[in-house]
């Protein structure tokens, strides 16, 4: 995979983490709900791999987290009740990234 896609994977992973946290779910809980292994989900959140679009479609259908948010960062289609939470979590992750030794995407 090209180095050009690396930042995109990390950004997508950060948005997945932000969405999950806004929903108030652990990785284990979300994995159970959408039938994906916790190690696979963790790889996605950590930016190691791009998420499977079919799994993301199920995630989107079940929780209302749009594919536009997941893949492009466009929050305009998110449920109104989640927009503030998702953006706050995403912002907190960006702040934590700037701190040495910060650990993101766990939980």
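In the numbering used here, the protein residues as written are 702 to 808.
From the three backbone atoms N, C-alpha and C, an ideal C-beta is built for every residue, glycine too.
When the Cα of residue i is compared with those of the options, which residue comes out closest?
i           : options            : result
residue 735 : 709, 784, 752, 789 : 752
residue 787 : 760, 717, 710, 711 : 717
residue 715 : 744, 754, 755      : 744
residue 747 : 711, 759, 793      : 711
residue 775 : 781, 749, 767      : 767
residue 750 : 793, 713, 791, 781 : 713
residue 709 : 770, 739, 755, 761 : 770
residue 759 : 737, 779, 784      : 737
Contact defined as beta carbons within less than 8 Å: I believe residue i pairs with residue j. What is the distance between those atoms, to the nearest angstrom?
i           : j           : result
residue 731 : residue 721 : 6 Å
residue 724 : residue 772 : Not really, about 18 Å apart at Cβ, beyond 8 Å.
residue 782 : residue 719 : Contact doesn't hold; Cβ gap of about 15 Å is too wide.
In this structure, how does DSSP classify residue i when only helix, strand and coil are distinguished?
i           : result
residue 750 : coil
residue 777 : helix
residue 807 : With a pLDDT of 41 at residue 807, under the threshold of 50, the modelled position of this residue cannot be trusted, and the question is left open.
residue 737 : coil
residue 788 : helix
residue 715 : helix
residue 766 : coil
residue 727 : coil
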